[in-house]
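Take the numbering used here: the last position of the sequence shown gets the number 691, and nothing is skipped along the way.
We treat Cβ as the ideally placed atom computed from N, Cα and C, and that holds for glycine.
Just so it is clear, the structure is predicted and the values come from calculations on it, not from any experiment.
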Amino acid sequence: MKSYLKMNINYIKKTARIDKRIIYRKFKKKIIDRIIDKFYKLRDKNFSTYSLDYISFLEIDYSKTIEYDKIFYFDYENYRDLKFIDNCLNHKFKVLSNELLSVNSNAEFNSIQSKFNKKLIPFSTKCFNKITNEYEQIDWQKDYNSDYRWEFNWFKNISYGNNSGHDIKVPWEIGRMQHLPILALEFNLSQSNAVLIEIRNQMFDFMASNPPNFGVQWICSMDIGIRLVNILFALLTLKGDNLFTIDEIELIDSFLYDHFSHIKENIEYSEGLRGNHYFSNLCSILIYLVYTKESDVRTSLIERYKSLLEKELDYQFNKDGSNFEGSSRYHLFTFQMLITVDIILMENGFEKLNQQKLQNISSFSSLLLEYGFVPQIGDNDSGFYWKLNNSEKFTYQSLIKIISNKYNYKKQDNFMNFGLLRRKTNNYDLIFKCGKLGQKGKGGHDHNDNLSYNLYCGMEPFVVDIGTYCYTSNFELRNKYRSTASHNVIWINDCEQNSFSSTNNDDMFWLETNHQNSRIDSDKEKLISGTIDYCGKPYTREIESNSNIITVSDKYNSDIDKEINIYLFPNIKVEAVEKNVYKLFNEQNILFFETNAQKIKLENYEFSPAYGVKLGAFKIVLTSSENLIIHKYRDSIES
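Take a look at the structure:
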């Protein structure tokens, strides 16, 4: 009880930073929820949680088929990946890792069911009996990368993260079932019975092994919604007669309703602190409702959740179209949800969402998607609403095609609400960050990256943000990757732009102080600059860009040693040319780096291009006690 009170007092203190008026309401809600949870836990441990066993449910209208490849502009026949299909059939996946791992379970089904309350057994057994004999079940409760398995328990009683080294996002990722629509496309093309059987087996395996409200797959409503949408897309993409029997459809429909019901009852809304999770909840509910059979209840629910989503558009997206969480990758994640809903509504005769807002959002999205490697500003957890061939590349290409075919937008380089400025020359693209903390000051997916930049040469990344790597599994690494020293800005004596704690999971999604007072001083075509308050003094960075040279000037009035780490993309090679001058190059481009810093050295570091992945790369470390530190990028050493 003491730890619970302490945790909530800390939470209230953080919340007060966002809006002091909501503290009482949030604290009251937490107490009420705690009481209600005791009742629900008692209910779920003594009764069936499968809706088919006790209530009527919404039915899917299977006449509303989906042309999955067409609506997402994915030429499956040309981009067919038989190796990926084979891996899916053999339960081998790269799950938030570069390593291909088997996700099969070693447990017998009887031992899985032995942990269920007896009311869950009939529905679970019906599903299990639909699975073919040769099928090997998937372990849906396991972090395959650390080989840790969570025990079967009521979903709110499952502990995860807390610096344990085990990552709950791994089983959540496989539980999103984003490979099922691709298997459906493969079946339509090849008419392979093995592929159809695998789709059926995996669905009934999940249904049999994961009763609602039990196990890790029912913790996060966002992931539950993503699974709901991807199973639905797979079912409505499949072409053929009598692929499922009437009783199988009844089992599936009721289980999809369980997803809808769970999200509705555990919606991730938080007054003043909500973000992409709540946005995802609304999108998933809407898509599900569109594909259910017509009824008055359905119509009123669609109107309600569409209205909530429209309201959330204004709350979670800035006027310039950027997402309010301060992360480039989370912007694209929520943008993907948004356009999916908009397309589904339009395809099914409903009024589209606010198109002016969507055009602004498309403008920011299109800037990010111009680059083969999308700039990492803030967190990157490699999240997608749907994923084509398990490929970031194909999925982002799809978003580009959707934008160009469906949304009229204006190209621009200044997004002042986000704090992003881009400057393009003949040779370089520089993306500069100087903005307020995202999520209304919470900074949940922000990094200590104000005044930092990403530099592209010939559209290829040269200087980068080092990524995210992990969240709650390792507090030290989580904080390292979002720290000031992990971005190419001045860093002094472990002083952070915004401080952070490492007591519990919640701390991993807060920047504890918000004292930067960031401001953009100049947004001219050839000169951009910004200032923040850092370690009690103003810190200004000016960036001057010409056709063949970029000059970065850092001004900080102190004679103590200041360090700047210039993080290079993994494929960038480095050669020393002369004192304080390096040649940076990849297979396509060369540029020269020089500085007036008193000391310069080359070191190794670990770059994270995707969640759970680390690659070796170089960084250039500058150290100087001068008030003005300059570094430059040139086309040639003479220029």
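Backbone secondary structure at residue i - three-state DSSP
{"i": "G277", "result": "helix"}
{"i": "F446", "result": "helix"}
{"i": "S261", "result": "helix"}
{"i": "C179", "result": "helix"}
{"i": "K358", "result": "helix"}
{"i": "D348", "result": "helix"}
{"i": "P223", "result": "helix"}
{"i": "F266", "result": "strand"}
{"i": "S55", "result": "Low confidence applies to S55: its pLDDT is 49, below 50, so where it sits in the model is not reliable enough to give any reading."}
{"i": "C522", "result": "coil"}
{"i": "G668", "result": "strand"}
{"i": "R201", "result": "strand"}
{"i": "S374", "result": "coil"}
{"i": "D402", "result": "Before going further, note that residue 402 is Phe rather than Asp in the sequence given. Coil at F402, not helix or strand."}
{"i": "I601", "result": "strand"}
{"i": "N656", "result": "strand"}
{"i": "D85", "result": "helix"}
{"i": "K170", "result": "helix"}
{"i": "E186", "result": "coil"}
{"i": "T565", "result": "coil"}
Contact check, residue i vs residue j, beta carbons under 8 Å
{"i": "F180", "j": "A260", "result": "yes"}
{"i": "S157", "j": "Q165", "result": "no"}
{"i": "I337", "j": "F312", "result": "yes"}
{"i": "S504", "j": "G430", "result": "no"}
{"i": "L563", "j": "G495", "result": "yes"}
{"i": "Y521", "j": "G664", "result": "yes"}
{"i": "E364", "j": "L334", "result": "yes"}
{"i": "S103", "j": "F109", "result": "yes"}
{"i": "N479", "j": "N282", "result": "no"}
{"i": "S273", "j": "N240", "result": "no"}
{"i": "V629", "j": "K653", "result": "no"}
{"i": "T536", "j": "N500", "result": "yes"}
{"i": "W224", "j": "D275", "result": "yes"}
{"i": "Q549", "j": "Y586", "result": "yes"}
{"i": "L308", "j": "I112", "result": "yes"}
{"i": "L172", "j": "P233", "result": "no"}
{"i": "E323", "j": "R86", "result": "no"}
{"i": "Y608", "j": "N679", "result": "yes"}
Minimum C-alpha distance to residue i - residue among the options
{"i": "P540", "options": "K458, E615, K291, L643", "result": "The question names Pro, but residue 540 in the sequence shown is Asn. When each option's Cα is compared against that of N540, the closest is E615."}
{"i": "S332", "options": "W192, K371, R228, G430", "result": "R228"}
{"i": "N188", "options": "Y461, K144, S211, L152", "result": "Position check: residue 188 holds Glu in this sequence, whereas Asn was assumed. Among Y461, K144, S211, L152, the Cα nearest to that of E188 belongs to K144."}
{"i": "L472", "options": "N215, T647, S574", "result": "S574"}
{"i": "F514", "options": "L341, P622, S610", "result": "P622"}
{"i": "I210", "options": "Y657, I190, V268", "result": "V268"}
{"i": "F644", "options": "V633, S374, K90", "result": "V633"}
{"i": "F387", "options": "D606, D481, E225, L405", "result": "L405"}
{"i": "H202", "options": "S242, I183, D257, I271", "result": "According to the sequence displayed, residue 202 carries Trp and not His. When only C-alpha atoms are compared, the closest one is I271."}
{"i": "T603", "options": "K589, D687, C547, P233", "result": "D687"}
{"i": "E655", "options": "F126, N679, Y619, Q640", "result": "Y619"}
{"i": "L667", "options": "F637, I624, N441", "result": "I624"}
{"i": "G487", "options": "T184, F376, F436", "result": "F376"}
{"i": "V426", "options": "P661, F467, E528", "result": "P661"}
{"i": "I249", "options": "I642, N185, F659", "result": "N185"}
{"i": "N545", "options": "S676, L353, K97", "result": "S676"}
{"i": "V342", "options": "Q411, R326, S306, G401", "result": "G401"}
{"i": "G277", "options": "I190, S352, D372, M389", "result": "M389"}
{"i": "K492", "options": "L325, T297, K316", "result": "L325"}
{"i": "I123", "options": "N531, A669, L94, F285", "result": "F285"}
Identified DSSP bridge partners for residue i
{"i": "D606", "result": "R593, I681"}
{"i": "R571", "result": "T583"}
{"i": "Y382", "result": "Y382 is not bridged to any residue."}
{"i": "I624", "result": "DSSP output for I624 lists no bridge partner at all."}
{"i": "C272", "result": "None, per the DSSP bridge assignment."}
{"i": "E323", "result": "Looking at the DSSP assignment, E323 forms no beta bridge with any residue, so it has no partner."}
{"i": "C547", "result": "I544"}
{"i": "S154", "result": "K144"}
Any non-hydrogen atom of the ligand NAD within 7 Å of residue i CB
{"i": "N457", "result": "The ligand NAD is not among the ligands present in this structure, which contains no ligands whatsoever."}
Stretch-stretch touch, CB-based, cutoff 8 Å, three pairs: the stretch 142 to 155 with the stretch 191 to 205: Flag = yes, the stretch 142 to 155 and the stretch 191 to 205 touch.
Given 8 Å as the limit, is there contact between the stretch 230 to 244 and the stretch 284 to 292, that is, 3 or more CB pairs closer than that? Under the three-pair Cβ rule at 8 Å, the stretch 230 to 244 counts as touching the stretch 284 to 292.
Assess contact between the stretch 412 to 421 and the stretch 444 to 452, defined as three or more Cβ pairs (one per stretch) separated by less than 8 Å. Is contact present? With the cut-off at 8 Å, the stretch 412 to 421 and the stretch 444 to 452 touch.
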